[in-house]
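Colleague: Just so we're aligned, residue 0 is where the sequence shown starts under numbering that gives the first Met the number 0, counting upward by one.
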Amino acid sequence: MLDGEVRKLIDPALERIGARLAAAGVSADSVTVAGGAIGLAAAAAIAFQFYLAGLALLLASRLCDGLDGAIARATKPSDYGGYLDIVLDFVFYGAIPLGFIIANPAANAVAGGVLIFSFYINGSTFLAFAILAERHDMISNSRGDKSLYFTTGLAEGTETIAVFSAFCLFPGIFPILAYVFAAVCFYTALSRIVLAGRQFGRR
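1. In this structure, does DSSP put A73 in helix, strand or coil?
2. Which residue marks the beginning of the alpha helix (DSSP H) containing S26, and which one marks its end?
3. Here's the rule I'm using: 16 or more other beta-carbon atoms within 10 Å means buried, otherwise exposed. How should R191 be labelled?
4. Counting C-beta neighbours from all protein chains within 10 Å, is the total for D78 16 or more, i.e. buried, or is it exposed?
5. What whole-angstrom Cβ distance do A44 and A52 have, given they're in contact under 8 Å?
6. Tell me the DSSP secondary structure of F91 in three-state form.
7. According to DSSP, is Q198 part of a helix, a strand, or is it coil?
8. CB-CB under 6 Å to P170, same chain, minus the five flanking residues each way: which ones, in chain order?
9. Assign F166 to one of two classes, buried (16 or more other C-beta atoms within 10 Å of its C-beta) or exposed (fewer than that).
10. Hey, would you say P96 sits closer than 8 Å to G81, going by beta carbons?
11. With burial defined as no fewer than 16 other Cβ atoms inside 10 Å of the residue's Cβ, what is the status of A161: buried or exposed?
12. Straight-line CA distance for I70 to D28?
13. Please report the straight-line C-alpha distance between V109 and G38, rounded to a whole angstrom.
14. With I130 as the anchor, note down where its alpha helix (DSSP H) starts and where it stops.
The structure is reproduced here in structure tokens:
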């Protein structure tokens, strides 16, 4: 929901930094992989209850996630780069809740499991819509120049990072926050299903 507005604020700086990194010979794929590795390190820190370190690492991971696209646009975007980016995004989105489950299974396991389940459903609606949109030659620039068709929704990247940050700042209420955000993700998935029915139901 907020990704469009946030992109307007951060994209100019990311584009400048990305262009400089590209000129220095840094590849987009290497930044994507680095971001994925840092995201897994964030999950590990959280699992060991180093929540503020986990917060710093997850924010660094998402910075890499923004920079890889900027570097690609400054050079030559590739289909594999887009594929790698979305795969590692989903690795990150699953790893952070898993870190909280490991940190305190008694308190967090059920809520964390529900949240990961909601990500699974939400992600499937997103990717399936993107496949059909590609088949029907649909184009969207609502979230910038992306390798996949991006459907907007209530739960997008900005909201997810905000909630993950809140998890780290207030780990004692992880279950409450997880259930609330899972409900938001389920709603977003349902809205995409309805949208897909309207868009593709008669094709």
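Cβ atoms here follow ideal geometry from the backbone N, Cα and C, with glycine treated the same way.
Modeller: Let me lay it out:
1. In the structure shown, A73 sits in a helix (DSSP, three-state: H, G or I).
2. Counting along the chain, S26 falls outside any alpha helix (DSSP H), and DSSP gives it neither H nor E.
3. Within 10 angstroms of the beta-carbon of R191 lie 16 or more other beta-carbons, which makes it buried.
4. Exposed: under 16 other Cβ atoms inside 10 Å.
5. So it is a contact: roughly 4 Å between Cβ atoms.
6. The answer is helix: DSSP assigns F91 an H, G or I state.
7. Helix, per DSSP.
8. Hits under 6 Å: Y50.
9. Counting Cβ neighbours within 10 Å, F166 comes out buried, since at least 16 surround it.
10. Their beta carbons are not under 8 Å apart, which means P96 does not touch G81 by this criterion.
11. Counting the other Cβ atoms within 10 Å of the Cβ of A161 gives fewer than 16, which makes it exposed.
12. Distance from the CA atom of I70 to the CA atom of D28, rounded to whole angstroms, is 9 Å.
13. Straight-line Cα distance between these residues: approximately 22 Å.
14. Taken as a continuous stretch (DSSP letters only), the alpha helix (DSSP H) holding I130 covers 104 to 134.
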